[in-house]
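These notes are about the structure you will find just below.
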Amino acid sequence: MTGEMTSPTASVERAAEHRSSFARVPAAFRLHLVNRQILWIPLIVFFGAWALSLGIGLWVQEMEPGAFGPADPVTTGSGQAALWCLAFMAAYSGSHTFPFALALSFSRRVYLLGTLLVFLLIAACYGLLFGAAAAVEEATDGLGLHTYSHALPFLVGDGIWIAGLTAAAVALMLMLIGFTATMLYRRLGVTGFWLVLLSLTVLTVVAVLLTVQAIGWDGFWGWFGRQTPLSAAGWSGLVAVVMAGVGYGLIRRATP
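Read left to right, the sequence shown gives residues 412 to 667 (our numbering).
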């Protein structure tokens, strides 16, 4: 009789705890933004790398006048600099916020949800910024210097919005890889971390060699050549989902 009387109450309490737990997701989201470096350092890298590429384009124009023009522009890879910065900042943010999250009594699931929301927001902003930069380059012929860092033919062939979507998906993937690497380090320590990385490297090399043995180098590189920006976004999104799952598995047992 007592169990019957207390069971509904216990259920209500558990439901309230569940709601209150997920109600802290916005707080976990803001925890990552306490350190604003995760926002402004990638911005500095983005515009700094873009300025550097324009400087290279100007130097090339001065060294070889008339050698490059609208039909034969200078293309650089500086547009990816901010991506690697985002991966590093995600790892940095994870290593610094995770202990505070546990100290503030955030559940590990709530912390991960807040982290994913931050990364999704940053990736979306990066995609918009990348797309805007590509649109500016296309409209101004590489800012008048025939120099392109974002409006690369492979990316903008299907439209500026596809380029922005691809950039956002790749940014999210790299941030989750960096974050998961941090959680792997916290879970296994230095030795375990490097053993896993070396094992993954060996497995990757073996997989590539077996693939080449089966289909040849032409088939191997041909597969990459057949990819489109939209398919690249899809593969990046798939890796991001896998990394989120792996990250959750590591967070459940990681120590601060």
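Just so it is clear, CB atoms sit at the ideal spot from N, CA and C, and this is done for glycine as well.
Any 3 or more C-beta pairs closer than 8 angstroms across the segment 612 to 621 and the segment 526 to 544:
no
Sequence-distant residues of the same chain with beta carbon closer than 7 angstroms to V653, five excluded per side
none
Contact check, Y522 vs A439 under 8 angstroms by CB: the rounded distance?
5 angstroms
Continuous alpha helix (DSSP H) assignments of at least 4 residues falling wholly in the segment 626 to 666:
640 to 662
By a C-beta neighbour count over all protein chains shown, 10 Å radius and 16 as the cutoff for buried, is E473 buried or exposed?
exposed
Output yes or no for whether 7 angstroms exceeds the beta carbon distance between A544 and I571.
no
Cut-off 6 angstroms between Cβ atoms - residues of its own chain near V623, not counting five sequence neighbours on either side
F631
Take A493 as the anchor and find which of A462, P484, G468, P510 has the nearest alpha-carbon.
A462
Quick one: what's Y596 bridged to in DSSP?
Its beta-bridge partners do not exist; DSSP assigns none.
Where the alpha helix (DSSP H) through S464 begins and ends:
448 to 474
With a 10 Å radius around its C-beta and 16 neighbouring C-beta atoms as the bar for buried, classify V581 as buried or exposed.
buried
E548 and H561 - do their beta-carbons sit closer together than 7 angstroms?
yes
State the beta-bridge partners of D552 as determined by DSSP.
D552 is not bridged to any residue.
Segment limits, alpha helix (DSSP H) that includes P437
436 to 444
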